[in-house]
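Each remark here refers to the structure printed beneath this line.
Number of protein chains: 2
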Amino acid sequence: MDAIRKDIHNSDVPVLCKACEARHRGVCGALSPSQLQSLSKSASRKKLGSGTELMGESLTASSYSNIIGGVVKLVKMLADGRQQIVGLQFAPDFLGRPFKNESALTAEAATDVSVCSFPRPVIEKMMSESPELEHKLLEQTLKELDEARDWMVTLGRKTAAEKVASFLLLIATNSDPENDGESAEFDLPLTRADIADFLGLTIETVSRQLTKLRKEGVIEVRNNRHVSVPHLERLADIAGF
Amino acid sequence: MDAIRKDIHNSDVPVLCKACEARHRGVCGALSPSQLQSLSKSASRKKLGSGTELMGESLTASSYSNIIGGVVKLVKMLADGRQQIVGLQFAPDFLGRPFKNESALTAEAATDVSVCSFPRPVIEKMMSESPELEHKLLEQTLKELDEARDWMVTLGRKTAAEKVASFLLLIATNSDPENDGESAEFDLPLTRADIADFLGLTIETVSRQLTKLRKEGVIEVRNNRHVSVPHLERLADIAGF
DNA sequence: CGTACGGTTGACGAGTGTCAAGGGTAGTGG
DNA sequence: CCACTACCCTTGACACTCGTCAACCGTACG
């Protein structure tokens with residue numbers, strides 16, 4: 001947390017940001033070293049335990065965050081308690097809904113999560129001054145929109161088996177990015193209840209489909225959480241692509 | 001209404017744009033009169049019959065458009081032919097996916113539609129020069145993302161009855177904007193098949209739910225297309241809010 | 001040792017999909 | 001003017017997927 005020690009050469013990029021993924025693939029890539037400097041003054045890194053609420057109707061989203069590690073779920077609830085996960089965010093995604101205070105949406109740490117957060121006003125000022133930042137945000141928003149629409153197909157038109165396979169593929173590509181040739185191996189970041197809420201199913205159906213995949217040899221499972229997929233292509237076939 | 005009269009002869013605004021909704025509520029509102037001038041040189045207005053494909057894997061989306069009137073559906077298809085409508089666009093929405101040529105998405109006129117279209121390169125040049133335009137696009141994209149996520153809840157967690165009621169409410173608020181107090185009356189812009197693809201149901205289920213609403217007196221239907229809703233609140237209750 | 005939590009499995013039933021038949025309306029050609 | 005076809009929609013009978021309810025297992029924790 002010894003934040004802003006700018007080294008003589010190698011530029012004025014704050015130490016905190018040096019190795020940060022958000023600077024390479026995330027929105028901070030849009031910022032100049034001096035902007036990073038001023039931003040990092042009000043930035044704070046936090047580690048949050050699984051289950052922590054990051055943003056919600058209660059705490060009126062007073063900050064924006066970059067996700068440094070872990071998985072965040074975006075949840076919507078109906079009046080009677082039914083809920084649907086409408087998005088998963090991984091590092092280095094940007095968390096927060098610009099230009100709006102409410103959101104009717106809850107963001108919750110699905111796993112332990114570390115974030116780098118900034119006060120709303122600071123980001124908003126910087127956005128109005130830096131078109132590059134807005135451009136990055138537009139790109140991320142378009143990406144999220146594409147993902148949301150892809151998932152709508154899964155929710156609306158796929159069977160339970162296809163849904164579970166689609167979910168496993170999604171996690172595989174996001175947790176095991178280098179290994180995306182033939183096989184994959186990863187820990188599920190979500191409980192069965194979360195998976196059900198993401199897929200529009202019940203816990204029981206998710207469980208049954210997972211054991212079905214296990215018995216068919218498509219996946220292996222250890223400790224209910226660790227999954228390995230010997231042949232990703234078999235999963236993809238089942239997922240319906 | 002007579003907004004941009006800031007100057008000597010207010011007629012720097014192209015005739016075509018004068019009465020255009022896109023200048024008030026759409027993305028063109030971000031443009032100066034001179035930008036509108038240069039844009040309108042390469043703009044073309046078209047009327048398209050219902051069923052026309054506006055953008056798809058085949059015609060590699062060589063243009064962007066503003067919707068002037070009518071309803072456009074955004075469709076995604078699975079390999080085996082199942083399809084899901086992932087969005088409906090009304091005037092004065094902007095149509096087109098910036099920064100990407102493919103899209104894995106088909107845009108099709110659901111009703112007769114009129115659009116104002118522009119060549120891709122012209123818009124992209126103007127976007128890189130005008131932060132206001134990008135800002136408008138960001139706002140529209142965020143709006144679409146919110147709508148997509150709302151719909152994910154409908155797709156994943158609502159029953160057939162709730163889905164159909166939600167759909168009717170959506171159309172009511174988009175087709176009858178002034179009348180949104182107590183009651184509403186409108187023409188459905190979609191066939192039963194389209195509604196089914198939008199709700200993740202079959203034609204038959206949609207039909208059955210509509211007759212159920214009719215028999216319960218929640219809606220009245222004429223010609224299979226014209227719907228009137230005496231008490232919107234009853235619909236909203238059924239929709240699950 | 002008891003309790004809480006997350007997960008699995010089974011029996012059953014409700015909600016939707018599937019398949020099939022038929023009605024209404026518009027357009028076309030005799 | 002009247003078939004004739006095509007399309008959109010409705011309705012019924014039935015099948016099947018998935019949700020509901022309940023019991024049970026394993027692990028972590030006090």
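Those protein sequences? They're chains E and F, same order as listed. Here the first sequence is numbered in UniProt numbering, starting from 1 and rising by one per residue. Here the second sequence is numbered in UniProt numbering, starting from 1 and rising by one per residue. All C-beta atoms in this analysis are idealised placements derived from N, C-alpha and C, irrespective of residue type, glycine included.
A distance of 9 Å or more separates the beta carbons of SER38 of chain E and CYS116 of chain E.
One alpha carbon belongs to LYS46 of chain F, the other to LYS73 of chain F, and they sit about 17 Å apart.
Annotation: Cβ neighbours of PRO98 of chain E in chain F (cutoff 8 Å, chain order): LEU138 and LEU142. A distance below 8 Å between beta-carbons, with the five flanking residues on each side excluded, links GLY200 of chain F to the following residues of its chain, in chain order: GLN84, LEU155 and LYS163. According to the DSSP assignment, PRO33 of chain E belongs to the alpha helix (DSSP H) that extends over 33-42.
Short of 7 Å from the beta carbon of ALA160 of chain F, and not among the five residues preceding or following it, lie these beta carbons of its own chain, in chain order: LEU201, THR205 and GLN209. In the three-state scheme derived from DSSP, where H, G and I count as helix and E and B as strand, LEU105 of chain F is classed as coil. For the stretch 151-172 of chain E, residues whose beta-carbon sits nearer than 7 Å to a beta-carbon of chain F comprise TRP151, MET152, VAL153, LEU155, GLY156 and ARG157.
As a beta-bridge residue in DSSP terms, GLU53 of chain F pairs with F:GLU108. Assignment of beta-bridge partners to PRO119 of chain F by DSSP yields F:SER63. Under the Cβ distance rule, ARG234 of chain E does not count among the residues neighbouring chain F, no pair being separated by less than 9 Å.
A straight-line Cα-Cα distance of about 44 Å links ASP237 of chain E and SER44 of chain E. For PHE99 of chain E, no beta strand (DSSP E) encloses it, and the DSSP letter there is neither H nor E. For HIS226 of chain E, the enclosing beta strand (DSSP E) stretches over residues 226-229. Among the CB atoms of chain E, none fall inside 9 Å of the CB of GLY29 of chain F. GLY240 of chain F sits close to ALA165 of chain F, with the two beta carbons spaced by under 9 Å. MET127 of chain F has its alpha-carbon roughly 43 Å from the corresponding atom of GLY81 of chain E.
Beta-bridge annotation (DSSP): PHE241 of chain E is not paired with any residue. Sequence-ordered contacts of the stretch 209-226 of chain F with chain E are nonexistent [C-beta pairs closer than 9 Å]. Against chain F, a Cβ distance below 9 Å from ALA19 of chain E picks out nothing, because the smallest value is about 28 Å. Here DSSP, grouped into helix, strand and coil, assigns SER207 of chain F to helix. PRO14 of chain E counts as buried, since no fewer than 16 other beta carbons sit within 10 angstroms of its beta carbon. Buried is the label assigned to GLU134 of chain F, since at least 16 other Cβ atoms lie within 10 Å of its Cβ.
The continuous beta strand (DSSP E) containing ARG222 of chain F extends over residues 220-222. If you draw a straight line from the Cα of SER175 of chain E to the Cα of LEU168 of chain E, it is about 10 Å long. Comparing alpha-carbon positions, the option among E:VAL227, E:ARG234, E:GLU53 and E:ALA193 lying closest to ASP112 of chain E turns out to be E:GLU53. Take the alpha-carbon of GLU216 of chain F and the one of PHE90 of chain F: they are about 30 Å apart. Contact check for VAL227 of chain E and LEU137 of chain E: beta-carbon distance about 33 Å, past the 8 Å limit, so the pair fails to qualify. At a cut-off of 9 Å between beta carbons, LYS125 of chain E makes no contact with chain F. For PHE167 of chain F, the three-state secondary structure derived from DSSP is helix.
In the displayed model, ARG82 of chain E falls within coil according to three-state DSSP, outside both helix and strand. With distances taken between CA atoms, LYS143 of chain F lies nearest to E:ALA104 out of E:LYS125, E:ALA104, E:ILE203 and E:ILE195. DSSP places ALA184 of chain F in no alpha helix (DSSP H) but in the uninterrupted beta strand (DSSP E) bounded by 184-187. Looking at the backbone, the Cα of SER42 of chain F and that of ALA22 of chain F are separated by about 16 Å. Nearest Cα to GLN140 of chain F within the set E:VAL229, E:GLU108 and E:PHE99: E:PHE99. By the beta-carbon neighbour count (other beta carbons within 10 angstroms, threshold 16), GLU220 of chain E is exposed.
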